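Here's the structure, in structure tokens; my notes come after.
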DNA sequence: AAGTAGTTTAGAACGATTTTAAAGTAAAAA
DNA sequence: TTTTTACTTTAAAATCGTTCTAAACTACTT
Ligand SMILES: [Mn+2]
Ligand SMILES: [Mn+2]
Ligand SMILES: [Zn+2]
Ligand SMILES: [Zn+2]
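In structure tokens form, the structure reads like this:
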């Protein structure tokens, strides 16, 4: 399926701007990035786009499930092109995130989900620190 | 150990403002809160404090390990008085966090820590959603 | 082609957090 | 104790990521 079809399937009009972003993000390579990172990539590709549009698109892409947003205590939003359930190593010093594929982690025992709720995804974060 | 001793042990001068915050946060009750939540509690306790001081103190307390900061994709920082390694349920709709004690989760299989790094803490996040 | 609903944009606005710099306070030195 | 020093608090300004506004533009429908 090409990017135009992916956008259509997600219920998004394939505008010029969304196609530029889709061409960068939906190439099958997993990456973690900020809005500013993406703007730099857009500029490097010879295009340009308003930062408002970049935020609009990222929000739409996220809400459609084309990308995810990472839980992060940094003050800049971090997005993830890996939409499968997976886990992360985090170097807290640098903020670097490294994917851990789902099958690399085995959760043997999980607590009971609170009454009236259902499990909506489990994420494991392994904080790592450079050895001295 | 009283709060003055806790601050001293952490290498922090026990100023009037830090003692007010310590009296609220270090009472042994586990809570998740924002800087604004804390300012409201300070006000309710009959005191007042500059928001800059609140941020200064929270950063110091966090860096000393007296409190933790939660990984959260919300744009307001969330702090946690539970400094033991533990896990969370997260209701993404409301942002509500519920503690899961460490022994409630059993990680059977963990991936190899990247070369040159050491494990610095594992956090499990279970996203939950209200049932319809 | 005309209509309409959705999209992009520059720039303004917003909200959380940090910085500034001056005044105040705690600890150390004398 | 007094003096000195380094650290802390504060209001206000600044910063920074993100969202809003409203006008121009574009994709889709009829
Ligand atoms: Mn955050
Ligand atoms: Mn922000
Ligand atoms: Zn990832
Ligand atoms: Zn907690």
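Chains as they are written, first to last, in this note's numbering: chain E, 1 to 132; chain R, 133 to 264. Don't be surprised by glycine CBs; every beta carbon is placed ideally from N, CA and C. Since this is a predicted model, take the numbers as computed values, not measurements.
{"Asked": "Identity of the residue in 202(R), 133(R) and 139(R) nearest residue 193(R) by Cα", "Found": "139(R)"}
{"Asked": "C-beta atoms of residue 45(E) and residue 24(E) nearer than 9 Å", "Found": "yes"}
{"Asked": "Proximal residues of chain E, C-beta to C-beta of residue 245(R) below 7 Å", "Found": "128"}
{"Asked": "One or two residues paired with residue 59(E) in a DSSP bridge", "Found": "Bridge partners of residue 59(E): none, in fact."}
{"Asked": "Chain R contacts made by the segment 8–34 of chain E, where a contact means CB separation under 8 Å", "Found": "none"}
{"Asked": "Any alpha helix (DSSP H) of 4 or more consecutive residues that is wholly inside the segment 177–236 of chain R", "Found": "183–195"}
{"Asked": "Identified DSSP bridge partners for residue 250(R)", "Found": "129(E)"}
{"Asked": "Neighbour list for residue 257(R) in chain E, Cβ cutoff strictly below 9 Å", "Found": "71, 121, 122, 123, 124 and 125"}
{"Asked": "Cβ contact check for the segment 77–90 of chain E and the segment 62–69 of chain E: 3 or more pairs under 8 Å", "Found": "yes"}
{"Asked": "Residue environment, residue 22(E), which counts as buried when at least 16 other CB atoms sit within 10 Å", "Found": "buried"}
{"Asked": "Residue 97(E): CB within 8 Å of a non-hydrogen atom of ligand 3", "Found": "yes"}
{"Asked": "Contact set for residue 86(E): own chain, Cβ-Cβ below 7 Å, skip 5 residues either direction", "Found": "99, 100, 101 and 102"}
{"Asked": "Under 9 Å by beta carbon: chain R residues contacting residue 104(E)", "Found": "241, 242, 243 and 244"}
{"Asked": "Closest by C-alpha distance to residue 229(R), when choosing among 236(R), 167(R), 158(R) and 257(R)", "Found": "257(R)"}
{"Asked": "Near-chain E residues of the segment 210–225 of chain R - C-beta to any C-beta below 9 Å", "Found": "210, 219, 221, 222, 223 and 224"}
{"Asked": "Chain-ordered neighbours of residue 171(R) on chain E, where CB pairs are closer than 9 Å", "Found": "The premise fails here: residue 171(R) is roughly 19 Å from chain E at the closest Cβ pair, so nothing lies under 9 Å."}
{"Asked": "Residues that residue 232(R) contacts on chain E, provided the C-beta gap is smaller than 8 Å", "Found": "111"}
{"Asked": "Those residues, in chain order, that have a beta-carbon closer than 7 Å to some heavy atom of ligand 1", "Found": "72(E), 73(E), 74(E), 75(E), 204(R), 205(R), 206(R), 207(R) and 209(R)"}
{"Asked": "Alpha-carbon spacing of residue 41(E) relative to residue 208(R), whole angstroms", "Found": "28 Å"}
{"Asked": "Listed by chain order, chain R residues near residue 116(E) by CB distance under 9 Å", "Found": "262 and 263"}
{"Asked": "Best match in 262(R), 220(R), 242(R) and 245(R) for proximity to residue 111(E) [C-alpha to C-alpha]", "Found": "220(R)"}
{"Asked": "Three-state secondary structure (DSSP) of residue 25(E)", "Found": "helix"}
{"Asked": "Host alpha helix (DSSP H) of residue 109(E) (start-end)", "Found": "Unbroken run through residue 109(E) is the beta strand (DSSP E), 106–109; no alpha helix (DSSP H)."}
{"Asked": "Ligand 3 heavy atom lying under 8 Å from the CB of residue 70(E)", "Found": "yes"}
{"Asked": "Residue range of the alpha helix (DSSP H) that includes residue 136(R)", "Found": "135–141"}
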